[in-house]
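Written below as structure tokens is the structure these notes are about.
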């Protein structure tokens, strides 16, 4: 419905003359960003008057800092921690939608005799995590389950160390790391952090504050088309979007795309949580407050931190998905 409405507006006004927009992904093209590629492949951005360039991410592209320079108009963030970091140093950014209502991060262990059966049982168990995690979800695990720094082993992104050692755990992403081990025939147990009460959002859309203030119509059209793109991907023909993803990431295969969509549906990452009543992309003050409290053990953020300008829901209009007409 949103896409159709935007298309009508563009036909009867000059407001939707093609505007070039650059969005930087937080990583290589993959299922976590499929809604953007669906919006591109299905012509939703075009019909919204946007010429959208999707820029793949990597460890070195510095998209967050380049956003301030105007090199990008939007970037994606993987979790709420990065957003709080931005607000804490007063970067001129605004979160305009939380695509994933739950952070897809999980702790993975081998499904073997004697292996932990819950996050609580992982206390004192060696866990491979990234350096960023120590100032993020590790604080939550420390507070809730009394984890300690003695458990930390460095996570490199490669799964070989985990596969070779049945007595170690590692962080993983429900949409890609978990299927990788399953497809390789490695029996695993999966402990999604959100099921234990971790309050971080998953991948989000962040815009330059100047764009929000000076050209809100561009932000609105981009958000509307992207959310509709997610509806198309979740409930329609995904083939065109998957082709675009694989063009940008040749190592990504149809099986990877299927694994990602299966995980998104199984864990209700996008349409679940507050999105059931508030629509896709919704954010609430209660969730941001809960996350801020969970991060207090890090000492990174003041207890009374003002995050009111960190995000806005002005571009969210209770979007829900129905099977899209092609």
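In mature numbering (1 follows the signal peptide of the UniProt record, and there is no 0), the protein residues as written are -17 to -1, 1 to 309.
Glycine included, C-beta positions come from ideal geometry on N, C-alpha and C.
When the distance is taken between beta carbons, is residue j closer than 8 Å to residue i?
| i | j | result |
| --- | --- | --- |
| residue 17 | residue 250 | no |
| residue 9 | residue 88 | no |
| residue 117 | residue 177 | no |
| residue 13 | residue 184 | no |
| residue 51 | residue 208 | no |
| residue 15 | residue 243 | yes |
| residue 202 | residue 193 | no |
| residue 159 | residue 239 | yes |
| residue 230 | residue 123 | no |
Quick check on the DSSP output: the alpha helix (DSSP H) that includes residue i runs from which residue to which?
| i | result |
| --- | --- |
| residue 229 | 222 to 231 |
| residue 28 | 27 to 30 |
| residue 72 | Segment: none, residue 72 is in no alpha helix (DSSP H) and carries neither H nor E. |
| residue 236 | No alpha helix (DSSP H) holds residue 236; DSSP gives it neither H nor E. |
| residue 57 | Element bounds for residue 57: not the alpha helix (DSSP H) but the beta strand (DSSP E), 57 to 60. |
| residue 54 | Unbroken run through residue 54: none, as it is neither H nor E. |
| residue 17 | 17 to 24 |
| residue 124 | 120 to 128 |
| residue 144 | 143 to 147 |
Does DSSP classify residue i as helix, strand or coil?
| i | result |
| --- | --- |
| residue 299 | coil |
| residue 187 | strand |
| residue 106 | coil |
| residue 135 | strand |
| residue 305 | coil |
| residue 80 | strand |
| residue 168 | coil |
| residue 294 | strand |
| residue 180 | coil |
| residue 282 | coil |
| residue 264 | strand |
| residue 310 | The structure shown does not extend to residue 310, since the chain is modelled only from -17 to 309, so the question has no answer here. |
| residue -6 | Residue confidence is low: residue -6 scores 45 on pLDDT, short of 50, so the model does not pin down where it sits. Its coordinate-derived value is still stated next. Of the three classes helix, strand and coil, the one that applies to residue -6 here is helix, per DSSP. |
| residue 199 | helix |
| residue -13 | Bear in mind that the predicted position of residue -13 carries a pLDDT of just 48, short of 50, making it unreliable; the figure below should be weighed with that in mind. Helix at residue -13. |
| residue 212 | helix |
| residue 99 | coil |
| residue 1 | coil |
| residue 243 | helix |
| residue 64 | helix |
| residue 274 | helix |
According to DSSP, which residues form a beta bridge with residue i?
| i | result |
| --- | --- |
| residue 90 | 154, 174 |
| residue 37 | 6 |
| residue 322 | This structure gives no information on residue 322, because the portion of the chain shown stretches from -17 to 309. |
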